[in-house]
Amino acid sequence: MTSTPPTIERETRASRVTRRSLQALFLVSVSMPFWAESSTLREFSEFACLFLMAQMWNLLGGYGGLVSIGQQAYVGIGAYALIGLGNFAGVNPFLAVGLAGACAALVSIPISQIVFRLQGGYFAIGTWAMAEIFRLLVANVAAVGGGSGTSLTAVRGYSKWARESITFWIAVAVVFGSLVMIHRLLQSRFGLALTAIRDSEAASESQGIDVRRTKFLVYVLSAAGFGVAGALYFLSILRVSPDAAFGVQWSPVIIFMVIIGGVGTIEGPLIGAILYFALSKLLGDYGTWYLVGLGVLAVIVTIRFPGGLWGFVEQRFGLRCFPVERRVVARIPLSGEDHA
Amino acid sequence: MDILSVADTLVQGILLGSLYALFALGLSLMFGVMRLVNTAHGDLVILAGFFGVFLNLVFGVSAFTTLIAVVPLAFALGYGLQRGVLNRTLSRDPLPSLVVTFGLSIIIQNLLLQLFSADTRSISAGGLESRSIEIVPQLSVGVLPVIVFITALLASAGFQWLFSSTRIGRAFRATSDDGEAALLMGINNEHLYALATGLAVAVLGVAGIFQGMRTTISPTDGPAQLIYAFESVIIGGMGSFWGTFLGGIILGVAQAVGFRFDPGWGILVGHLVFVAVLLIRPMGLFPRTSG
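Sequence lines, in order, name chains A and B. Note that the working numbering has the first sequence beginning at 1, numbered continuously upward. Note that the working numbering has the second sequence beginning at 1001, numbered continuously upward.
This is how it looks when you write it as structure tokens:
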């Protein structure tokens, strides 16, 4: 009787199921502009923005250990880059969504030189102060309407259907593209370094990982993602103001999604974003009490269930939908089975 | 610009900055003792202010008398918050404490919105808020801002004395240097951390009442106060309460100078001074370690 040697695998049954369902979902969603309501399309675009923000915040705070309350700086920069490129430079507004991400990444390079001088909690508030600086600066620029904001006039040439459909397709590309990209990224050498930093900064430093450089790169990448999300959000609602774009109201939403879903995993922000979206549609009318509830839930989850919802599922059922690590799979033959 | 208006801007800036110093002392103390950054710091200022508004409106308690109720309650709130919630979030990872205090900030803001609506309020100080003393002709200072200034000065001196010259201050420093070693020496860290937060929030209680008397407050004003407190600490340099006091003054003067040029630029000039300090002297202007 011989037994097959153990193999090294990354795929799990859950990950194969996840991939197939995502492929099917992708095909279905691409066809949606031909049959779905335009309000559904709009809501999906909003969801795509929140989802991308949650993933990018998780990459930064969950993996990179850079907890930020100021990523709205890049939401705003993305939004105003869309206005600047679309309204003033005559760039195709849909193309400008991608360029807005590049703008946010560019701006984040000098900003990182300022905020990286602060550590831990002070880093968090420092990023917030930077977002406030951008908000006040933009509120003083008369060309974009100052404090009261301006409209995206660059989309005027498109029919309502074309505008809504292209925006929706960008949103679809953002959701599925970012999932694939983040999964690949975390499987790469860079992702390995990032995961090591998540687990222990001192230990990864001693293993030769350039912690500072890795953190810098993840900060710039996160800024780019927030820039795209900001541009897409305001492409969908067509009007932007400094308070809406650079306001701190983004932060509790993002942090809630990541913490409730499960910080430091790919599945967590996805589940968090879906849950947040469902909750806000169901209970959003309760306004202040709803927000009090979200705050209480975030506090309880952080203290009692630091792994969030996904952490619980992963521990309880050993599920891995987006496996990053490799596992040794030993195939032990059942007694009586003939392998000859 | 004549010399009098320059002097006036400076004096108003210094007086405004002393209020920021009062916000910042507690942030500096909590970070110094346990490396904890409380993102609900500014919301606690506003919470205290609204408690003052409530006592003032409903029971007709005079502005300064509200302090007798607000300060002990603020201390108890801080102590309980640390003991019951925040102690469980302390770790090398800044994420749990940041998320929990940020959650508290959202809770406080929305409860205040629910109870008091989004209207701005103020605490009536029986005419004191509009009284002023003339130093020289055309240059006068408000009585209330001067009271705030003296309070901030005394609080800074008190914190510095407490930290450097008392038994409890020695315990604070010991825990700050090495929490586990302090634990082995018989120091009860959990109690000590709660005392630090209690003290910090008690000072915020005073600051909140002053804020409510000096100007108007609304439920969502907290985050701005947190940022001013934070900038004061960073400008002043960590580890010294006098540094924090001076950091607040510098921020106040920067804002007053900005406001003098254009009302839209006041707050922004303050932020820019903070960025300049961070770029040129990341340790702050008056860090303890440089002396």
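C-beta: ideal position from N, C-alpha, C; glycine also. Being a predicted model, the structure only gives us computed values, none of them experimental.
Sequence-ordered contacts of the stretch 110-126 of chain A with chain B read 114, 117, 120, 121, 122, 124, 125 [C-beta pairs closer than 7 Å]. Just measuring C-alpha positions, the residue of A/94, A/307, A/63, A/70 sitting nearest residue 249 of chain A is A/70.
Shown here for residue 131 of chain A: same chain residues with a beta carbon closer than 6 Å to its own, the five before and five after excluded, namely 70, 72, 73, 246 in chain order. Closest in alpha carbon position to residue 1202 of chain B, among B/1049, B/1037, B/1010, is B/1049. Taking CB atoms only, residue 144 of chain A has no neighbour in chain B less than 9 Å away. In this structure, residue 325 of chain A lies away from residue 13 of chain A, with their beta-carbon atoms at least 9 Å apart. For the pair residue 1219 of chain B and residue 1115 of chain B, the Cα-to-Cα distance works out to about 10 Å. Residue environment analysis places residue 304 of chain A among the exposed positions, since fewer than 16 neighbouring C-beta atoms fall within 10 angstroms of its C-beta. Residue 297 of chain A and residue 260 of chain A have their C-alpha atoms some 8 Å from each other.
For the stretch 268-328 of chain A, the full-length alpha helix (DSSP H) segments reaching 4 residues or more read 288-304, 308-317 along the chain. Using beta-carbon distances, residue 1035 of chain B counts as an interface residue toward chain A, with a partner under 9 Å. Annotation for residue 1201 of chain B: the continuous alpha helix (DSSP H) segment containing it runs 1189-1214.
Per the C-alpha coordinates, the member of A/89, A/24, A/51, A/21 positioned closest to residue 272 of chain A is A/51. Below 8 Å, enough C-beta pairs join the stretch 1019-1038 of chain B and the stretch 1198-1212 of chain B to call them touching: three or more.
Contact note: residue 1281 of chain B does not reach chain A at a C-beta cutoff of 7 Å; the least C-beta distance is about 10 Å. The beta carbon of residue 177 of chain A does not come within 9 Å of any beta carbon belonging to chain B, so the residue lies off that interface. Counting along the chain, the unbroken beta strand (DSSP E) around residue 1140 of chain B starts and ends at 1139-1142.
At a cut-off of 9 Å between beta-carbon atoms, residue 306 of chain A makes contact with chain B. Here the alpha carbons of residue 1262 of chain B and residue 26 of chain A stand approximately 52 Å from one another. Chain-ordered listing is empty here: chain B has no CB closer than 9 Å to the CB of residue 58 of chain A, the nearest sitting near 11 Å. Of all alpha-carbon atoms in B/1240, B/1247, B/1243, the one lying nearest the alpha-carbon of residue 1231 of chain B is that of B/1247. Taken through DSSP and simplified to helix, strand or coil, residue 1136 of chain B comes out as strand. DSSP places residue 240 of chain A in the strand class (E or B) of the three-state scheme.
Residue 1130 of chain B counts as exposed, since fewer than 16 other beta carbons sit within 10 angstroms of its beta carbon. Here residue 7 of chain A carries a strand assignment [DSSP, helix/strand/coil].
By the beta-carbon neighbour count (other beta carbons within 10 angstroms, threshold 16), residue 257 of chain A is buried. Contact note: residue 61 of chain A reaches chain B through 1095, using a C-beta cutoff of 8 Å and chain order. Taking a Cβ-Cβ cut-off of 8 Å, the neighbours of residue 1088 of chain B in chain A comprise 303, given in sequence order. Ranked by Cα distance from residue 1097 of chain B, the first of B/1106, B/1107, B/1086 is B/1086. Taking a cut-off of 8 Å for Cβ pairs, the stretch 151-170 of chain A and the stretch 275-288 of chain A do not touch, as fewer than three such pairs fall below it. Around the beta carbon of residue 93 of chain A, 16 or more other beta carbons sit within 10 angstroms, so the residue counts as buried.
Counting the other CB atoms within 10 Å of its CB gives residue 1039 of chain B a total of 16 or more, which places it among the buried residues. The beta-carbon distance between residue 1285 of chain B and residue 1270 of chain B, rounded to whole angstroms, is 15 Å. This is too long to meet the 8 Å contact definition. Three or more beta-carbon pairs separated by less than 8 Å link the stretch 1272-1288 of chain B to the stretch 106-118 of chain A, which places the two stretches in contact. When secondary structure is reduced to three states using DSSP, residue 12 of chain A falls in the coil class, being assigned neither helix nor strand. Where residue 182 of chain A is concerned, the enclosing alpha helix (DSSP H) starts and stops at 160-187.
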